[in-house]
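> Chains as they are written, first to last, in this note's numbering: chain Z, 1 to 282; chain C, 1001 to 1242. Note that the Cβ used here is the ideal one computed from N, Cα and C, for glycine as well. Take this structure first; my questions come after.
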């Protein structure tokens, strides 16, 4: 069992997300950066659908009431186990009674903590991903108690030597495909969309990332249509919003681009004021 | 546009979007839902889920679609062969709505804009048989088409920070019900005490696209009574097959 001593800015449990409930208007949810979350699971020998802790910007402080194997995957933060600095992106054994603390995240927005066997929080509509209105809690709070499976020391991690691919986050290029309303844009707007850099606004969350630059919007709102995480909408004000994992299932703004799945995780880690360039894929 | 000749779009790596003419039309919805059923039956690549809106079908696949154009050709061939059976059975639900101004925060705005009194609004809203086109926006939010023209009203210029659970609203030509409290921009004219979404049930909603909805007006007191009945699990929602 793990007890939350300090929650951090926005800490929640996430997994691969909800599949098959969009017809009821249920968002996909799931880890914002699936590659990092998967990597954390691999390090402790979990299957990829095990639930991990998603940590946003500032880290939590956790008290372990049982022995287990953990891994924290992050682009940049400092991790302390019982006051001693601990390496990131590799598995480590945590003894009963230990206190794990994550400092401010300095690179990227999200860090992932995997524990052996995965967090056993409530399983609702095919997933443990926390989301307001679906799971009873949407975030972890001070005092939250998290059940984890008993650790068996005979388990060997098979992936201990796997290297975390930091390179994938070093680019500012975001791979995109054209969206359903792309062809309705003027040549000038298409060119601006694909040649200009766009800056991430501070007005961003698990639902959507807002981009600051303003385009001329010659398109009218559409009659409500389906959208997905990664759909880039052109709002009436001319600003772009990139829909993220907690986005609605339908939307009424023109869908001009669709971010590739790989790039969506990379984009998720881009911080406020960072710029990105859309790179059209065939 | 011919129903049999929709547009196809590839959305990202594993979804195909099929779009017909953008309109709210019962016959188009029937054709889209019939297409959905047939694509589900004759799945080519493994499909995760197919969802519809007014004029679209989004097909999400399990794996990246290797031969996307082959897949589109196969879908086109299915659609070209469809012939919509007549007299499809539909479930019709009767939903209680309290149009009291205590709930209907925008009754006055709607009345002023469209030159109607409260009683006219109530009658105009509870007379039609609505069609449930799809659920979206919030889990369990019903998008209903079939609103009387005299009630058309644009969304609020500034959305409200909090709209009450069960709020019945109008946005343009649509009417809908908030399944939980949420920020929102719909014009609120009443409240329906019936729960629309329970994540701890599978399926979490009893409604399906294509269902019919008819509202009946209840008083503030009856709203309270029904809410109590729902709390104790004894409320019976009226429905029948049409």
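Taking the straight line between their C-alpha atoms, what separation do you get for residue 127 of chain Z and residue 1118 of chain C?
One-based indexing of the first chain puts residue 127 of chain Z at position 127. One-based indexing of the second chain puts residue 1118 of chain C at position 118. When rounded, the distance between both Cα atoms is 45 Å.
> Looking at residue 1145 of chain C and residue 1123 of chain C, is the spacing between their C-beta atoms short of 7 Å?
If you number the second chain from 1, residue 1123 of chain C lands on position 123. If you number the second chain from 1, residue 1145 of chain C lands on position 145. In this structure, residue 1145 of chain C does not lie closer than 7 Å to residue 1123 of chain C by Cβ.
> Compile a chain-ordered list of the residues in the segment 1006 to 1032 of chain C whose CB is closer than 9 Å to at least one CB of chain Z.
Listed by position, the residues of the segment 1006 to 1032 of chain C near chain Z (Cβ gap below 9 Å) are 1007, 1009, 1010, 1011, 1012, 1013, 1014, 1015, 1017, 1019, 1022, 1023, 1024.
> Would you call residue 1069 of chain C buried or exposed, if buried means 16 or more other Cβ atoms sit within 10 Å of its Cβ?
Translated into the one-based positions of the second chain, residue 1069 of chain C becomes position 69. Classification of residue 1069 of chain C: exposed, given that the 10 Å Cβ count is below 16.
> Consult DSSP for residue 261 of chain Z and reduce its assignment to one of helix, strand or coil.
The sequence position of residue 261 of chain Z within the first chain is 261, counting from 1. Of the three classes helix, strand and coil, the one that applies to residue 261 of chain Z here is helix, per DSSP.
> Please report whether the beta-carbon of residue 61 of chain Z lies at a distance below 7 Å from any beta-carbon of chain C.
Here residue 61 of chain Z refers to the residue found at position 61 of the first chain. With 7 Å as the cut-off, residue 61 of chain Z does not count as an interface residue toward chain C.
> Using a Cβ-Cβ cut-off of 7 Å, state whether residue 124 of chain Z counts as contacting chain C.
Taking the first chain and counting its residues from 1, the one referred to as residue 124 of chain Z is at position 124. Interface residue, yes.
> So, does the segment 172 to 185 of chain Z touch the segment 269 to 282 of chain Z, judging by three or more C-beta pairs under 8 Å?
With the cut-off at 8 Å, the segment 172 to 185 of chain Z and the segment 269 to 282 of chain Z touch.
> Contact between the segment 2 to 16 of chain Z and the segment 116 to 130 of chain Z is defined here as three or more beta-carbon pairs at a separation below 8 Å; is this criterion met?
Contact holds: three or more Cβ-Cβ distances are below 8 Å.
> Put residue 51 of chain Z into one of helix, strand or coil per three-state DSSP.
Taking the first residue of the first chain as position 1, residue 51 of chain Z is located at position 51. Residue 51 of chain Z falls in the coil class under three-state DSSP.
> How about residue 1205 of chain C: is its C-beta nearer than 7 Å to some C-beta of chain Z?
Position 205 of the second chain holds residue 1205 of chain C. Closer than 7 Å: yes.
> Under the three-state reduction of DSSP, which class applies to residue 1194 of chain C: helix, strand or coil?
As a position in the second chain, residue 1194 of chain C is number 194, starting the count at 1. If DSSP states are grouped into helix, strand and coil, residue 1194 of chain C belongs with coil.
> Please classify residue 1162 of chain C as buried or exposed, where buried requires at least 16 neighbouring CB atoms within 10 angstroms.
Numbered from its first residue, the second chain carries residue 1162 of chain C at position 162. Under this definition residue 1162 of chain C is an exposed residue.
> Between residue 221 of chain Z and residue 249 of chain Z, which are expected to be in contact by the criterion C-beta below 8 Å, what is the C-beta distance as a whole number of angstroms?
For this step, residue 221 of chain Z is matched to residue 221 along the first chain. For this step, residue 249 of chain Z is matched to residue 249 along the first chain. The Cβ separation is near 17 Å, so there is no contact.
> On the DSSP bridge assignment, give the partners of residue 198 of chain Z in chain order.
For this step, residue 198 of chain Z is matched to residue 198 along the first chain. The partner list for residue 198 of chain Z (beta bridge, DSSP) reads Z/276.
> In three-state DSSP terms, what is residue 285 of chain Z?
Residue 285 of chain Z cannot be examined here, being either before or after the span of chain Z that is shown, 1 to 282.
> Are there three or more Cβ pairs, one per stretch, closer than 8 Å when the segment 223 to 240 of chain Z is compared with the segment 250 to 266 of chain Z?
Touching, yes, given that three or more Cβ pairs across the two stretches are closer than 8 Å.
> Do you know offhand how far residue 208 of chain Z's Cα is from residue 241 of chain Z's?
Within the first chain, numbered from 1, the residue matching residue 208 of chain Z stands at position 208. Within the first chain, numbered from 1, the residue matching residue 241 of chain Z stands at position 241. Going from the Cα of residue 208 of chain Z to the Cα of residue 241 of chain Z covers about 6 Å.
> Just to make sure I have the definition right: I need the residues of chain C whose C-beta is within less than 8 Å of the C-beta of residue 269 of chain Z. Which are they?
Within the first chain, the letter at position 269 stands for residue 269 of chain Z. Under the 8 Å cutoff, chain C gives no residues; its nearest Cβ is about 19 Å from residue 269 of chain Z.
> Are the C-beta atoms of residue 258 of chain Z and some chain C residue less than 7 Å apart?
In the first chain, counting from the first residue as 1, residue 258 of chain Z sits at position 258. By this cut-off, residue 258 of chain Z is an interface position.
> Answer with yes or no whether the minimum CB distance from residue 1053 of chain C to chain Z is below 7 Å.
Against the second chain, residue 1053 of chain C aligns to sequence position 53. Yes, because at least one Cβ of chain Z sits closer than 7 Å to the Cβ of residue 1053 of chain C.
> Inspect the beta-carbon positions of residue 93 of chain Z and residue 69 of chain Z and report whether they are closer than 7 Å.
As a working mapping, residue 93 of chain Z is identified with position 93 in the first chain. As a working mapping, residue 69 of chain Z is identified with position 69 in the first chain. Yes, the Cβ-Cβ distance between residue 93 of chain Z and residue 69 of chain Z is below 7 Å.
> Show which residues of chain C have a CB atom less than 7 Å away from the CB atom of residue 249 of chain Z.
As a first step, residue 249 of chain Z is located in the first chain; it is residue number 249 there, counting from the start. Correct list: 1051, 1136.
> Specify whether the segment 32 to 47 of chain Z and the segment 100 to 120 of chain Z touch according to this definition: at least 3 beta carbon pairs, one from each stretch, less than 8 Å apart.
Yes, the segment 32 to 47 of chain Z touches the segment 100 to 120 of chain Z.
> Whose Cβ in chain Z lies nearer than 8 Å to the Cβ of residue 1153 of chain C?
As a working note, residue 1153 of chain C is residue 153 in the second chain. Per Cβ cutoff of 8 Å: no residues; residue 1153 of chain C is ~16 Å from chain Z at best.
> Check whether the segment 196 to 215 of chain Z touches the segment 1125 to 1139 of chain C, counting contact only when three or more Cβ pairs, one atom from each stretch, lie closer than 8 Å.
No, because fewer than three Cβ pairs between the segment 196 to 215 of chain Z and the segment 1125 to 1139 of chain C fall closer than 8 Å, the two stretches do not touch.
> Would you mind telling me which residues of chain Z sit closer than 7 Å to residue 1058 of chain C, beta carbon to beta carbon, in chain order?
The residue you call residue 1058 of chain C lines up with position 58 of the second chain. Those are 226, listed as they occur along chain Z.
> In three-state terms, what does DSSP make of residue 1064 of chain C?
Residue 1064 of chain C sits at position 64 when you count from the first residue of the second chain. Residue state, collapsed to three classes: coil.
> Alpha carbon to alpha carbon, what distance is there between residue 1085 of chain C and residue 1209 of chain C?
The count along the second chain starts at 1 and reaches residue 1209 of chain C at position 209. The count along the second chain starts at 1 and reaches residue 1085 of chain C at position 85. C-alpha separation (whole angstroms): 17 Å.
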